[in-house]
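First to last, the protein sequences are chains A and B.
Positions in the first sequence are counted from 1; adding 2 to them yields our numbering.
Positions in the second sequence are counted from 1; adding 92 to them yields our numbering.
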Amino acid sequence: MSTSQYSTQGDSISKNFGRRVIFKNLSFQFDKNDVYGISGPNGSGKSTLIKIIAGINSPTSGKINHKNNQKEIIPEKLHNYLGFVSPYLVLYEEFSAWENLEQFANIRDVKFNKEKIELLLNDFLLYDRKDDLVKTYSSGMKQRMKFIFALMHSPKLILLDEPTSNLDDEGKNTVYKIVKREAEENIVIIASNEKSDLALCSETIMLEKFKV
Amino acid sequence: MKSKAFALFLKDFRSELRTRYAVNSLAMFIIVAISVILFSIGQEKIPQNLTGGLFWVVIFFSAMSGLARAFVSEEERGTSLTLQLIASPSTVFTGKLLFNLILVFIMNIIIALLYSALFEAFVILNFYLFLVTFILSNIGLAVSSTIIAAIISKAGSKGTLYPVLSFPILLPLILTSVQLTSACMVGTTFGESSINLAVLVCYDVIMLTASYMLFDFIWKD
Chain A
3 MSTSQYSTQG
13 DSISKNFGRR
23 VIFKNLSFQF
33 DKNDVYGISG
43 PNGSGKSTLI
53 KIIAGINSPT
63 SGKINHKNNQ
73 KEIIPEKLHN
83 YLGFVSPYLV
93 LYEEFSAWEN
103 LEQFANIRDV
113 KFNKEKIELL
123 LNDFLLYDRK
133 DDLVKTYSSG
143 MKQRMKFIFA
153 LMHSPKLILL
163 DEPTSNLDDE
173 GKNTVYKIVK
183 REAEENIVII
193 ASNEKSDLAL
203 CSETIMLEKF
213 KV
Chain B
93 MKSKAFALFL
103 KDFRSELRTR
113 YAVNSLAMFI
123 IVAISVILFS
133 IGQEKIPQNL
143 TGGLFWVVIF
153 FSAMSGLARA
163 FVSEEERGTS
173 LTLQLIASPS
183 TVFTGKLLFN
193 LILVFIMNII
203 IALLYSALFE
213 AFVILNFYLF
223 LVTFILSNIG
233 LAVSSTIIAA
243 IISKAGSKGT
253 LYPVLSFPIL
263 LPLILTSVQL
273 TSACMVGTTF
283 GESSINLAVL
293 VCYDVIMLTA
303 SYMLFDFIWK
313 D
């Protein structure tokens, strides 16, 4: 576990939906290359917290700071540092896996690293189906494809919301192997209730403690 | 940002070629609307100013039937989150605006050509004034439609909200465009139409500025 050049800090984060309090006064700091966990019962706000960390949702109060090499990252640029996997993430079904990834690289304005993409496609056992339309994929294949989407641009912070949903044992093992590999150089945050997912985490935020 | 926005436009363009989300509804609306007008007029001669008004009515409703797709299709397919993860809000808006601009220009050029071919009364005497009006109105229409589409894509009842929201926003643009088109048909000079042209320029600048300022808040939950 080494100190990361990237850090994410949450300061007194609270989130309400209307009058319903999801969590209150949640503070955390992720500044080491490691796997961190977020756990809690259904409806405790795991996905909400992951989205707040990713800058997709805003907290009701409190502040999230992302820093790279001690410099604060502006919200406009945050997406370049993030890798994100979740069951509610949807890729473009009218395109093939390869076309999706190529277009994502173009929109991000980063080099389309063919070697890295081919390696990831091989890791996630999708290389032979890379030219098929995503709509022809099974739910497990789509889930594996999301990992390639999350890792293709070498992000510093990898956010995984229920990373092993829809995956068979072989898929889960591949994910665990890659999570361990990525955590040597980056920060990985897993939001899950699966014991096997949380077993990878060095520290876990239990969200039920922050509910009033 | 330009190349990122252009890449996003290319993604939308390729997606449109495969799914035909917007093109089919636009094409059908144009054909049906012009056919209905032709059938209802029959052999009657209609005044020039009415032809100009009907021209913008067809454009206004065609825009409502197709241009909202830019954001609504992303929301319906659940790919909005994917876009949020690969591009900044300004890139997304620029890419979508570029796509709608191309779509508006193609759609309105087809409507203008069909009108010229099918309506005897649609005769433009000051072509350059019409060209400037056409370009400025199309830019305004594309910008307004894009930001309205972004707003309604987050709402539950998208179908009813789009015309309700777009009517007050597009009304100044449509009224000015109708007046300018009528002026083009009677051969009015640029000098005589300068106030209306200034209104169109101001409308475009205000809508573009307001859209870029608002989009960040609209795009994120």
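All C-beta atoms in this analysis are idealised placements derived from N, C-alpha and C, irrespective of residue type, glycine included.
- R110 and T111: these are the residues of the stretch 110-121 of chain B whose beta carbon lies less than 9 Å from some beta carbon of chain A, given in chain order.
- When C-beta atoms of the stretch 261-278 of chain B are compared with those of the stretch 137-146 of chain B, three or more pairs fall below 8 Å, so the two segments count as touching.
- Contact of L153 (chain A) with chain B is not assigned, every C-beta pair being separated by 8 Å or more.
- Beta-carbon to beta-carbon, A242 (chain B) and I310 (chain B) are separated by about 5 Å, close enough to satisfy the 8 Å threshold.
- Counting C-beta pairs with one atom in each stretch, the stretch 109-127 of chain B and the stretch 183-199 of chain B have three or more that are closer than 8 Å, which means they touch.
- Contact note: R21 (chain A) does not reach chain B at a C-beta cutoff of 9 Å; the least C-beta distance is about 18 Å.
- If you draw a straight line from the Cα of S303 (chain B) to the Cα of S204 (chain A), it comes to about 44 Å.
- For secondary structure counted as the beta strand (DSSP E) over 3 or more consecutive residues, the stretch 71-127 of chain A holds these complete runs in sequence order: 84-87.
- In the three-state scheme derived from DSSP, where H, G and I count as helix and E and B as strand, G232 (chain B) is classed as helix.
- With its beta carbon less than 8 Å from one in chain B, Q105 (chain A) belongs to the interface.
- With a threshold of 8 Å between beta carbons, I40 (chain A) makes no contact with chain B.
- Bounds of the alpha helix (DSSP H) holding T143 (chain B) are Q140 to G158.
- Contact check for Q7 (chain A) against N71 (chain A) passes: the beta carbons are separated by less than 8 Å.
- Rounded to the nearest whole angstrom, the C-alpha separation of F222 (chain B) and I216 (chain B) is 7 Å.
- Going by C-alpha positions, T225 (chain B) is about 33 Å away from A247 (chain B).
- Here DSSP, grouped into helix, strand and coil, assigns G12 (chain A) to strand.
- Using a Cβ-Cβ cut-off of 8 Å, R110 (chain A) counts as an interface residue toward chain B, since at least one Cβ of chain B sits closer than that to its own.
- Comparing C-alpha distances from E95 (chain A) to each of A:Y139, A:P89, A:Q31 and A:H68 shows the shortest one belongs to A:Y139.
- According to the DSSP assignment, F197 (chain B) belongs to the alpha helix (DSSP H) that extends over P181 to L210.
- Below 8 Å, too few C-beta pairs join the stretch 282-295 of chain B and the stretch 154-171 of chain B to call them touching: fewer than three.
- Shown here, D163 (chain A) sits in a strand according to DSSP, grouped into three states.
- Within the stretch 222-255 of chain B, no residue has its Cβ closer than 9 Å to any Cβ of chain A.
- Chain A places a beta carbon closer than 8 Å to that of T174 (chain B), counting this residue as a contact.
- A direct Cα-Cα distance of roughly 7 Å separates F25 (chain A) from N18 (chain A).
- Distance between L190 (chain B) and F97 (chain A), taken at the CA atoms: about 21 Å.
- Residues of chain A with a Cβ closer than 8 Å to the Cβ of T171 (chain B) are, in chain order, V92, L93 and Y94.
- For S303 (chain B), the nearest beta carbon of chain A is not closer than 8 Å to its own beta carbon.
- Under the Cβ criterion (8 Å, minimum of three pairs), the stretch 184-197 of chain A counts as touching the stretch 164-171 of chain A.
- Taking a cut-off of 8 Å for Cβ pairs, the stretch 45-60 of chain A and the stretch 110-124 of chain A do not touch, as fewer than three such pairs fall below it.
- At a beta-carbon threshold of 9 Å, none of the residues of chain B lie near H68 (chain A); the nearest stands roughly 14 Å away.
- The closest CA to that of E186 (chain A), considering only A:V23, A:S29 and A:D33, is found on A:D33.
- When 7 Å is used as the limit between beta carbons, L177 (chain B) is near these residues of chain A: H81, L84 and F86, in chain order.
- If you look at A302 (chain B), you'll find it in the alpha helix (DSSP H) that goes S286 to W311.
- Across the structure, P255 (chain B) and A160 (chain B) are spaced so that their CA atoms are roughly 10 Å apart.
- For R131 (chain A), no beta strand (DSSP E) run applies, since DSSP gives it neither H nor E.
- In the three-state reduction of the DSSP assignment, Y139 (chain A) falls in the coil class, being assigned neither a helical nor a strand state.
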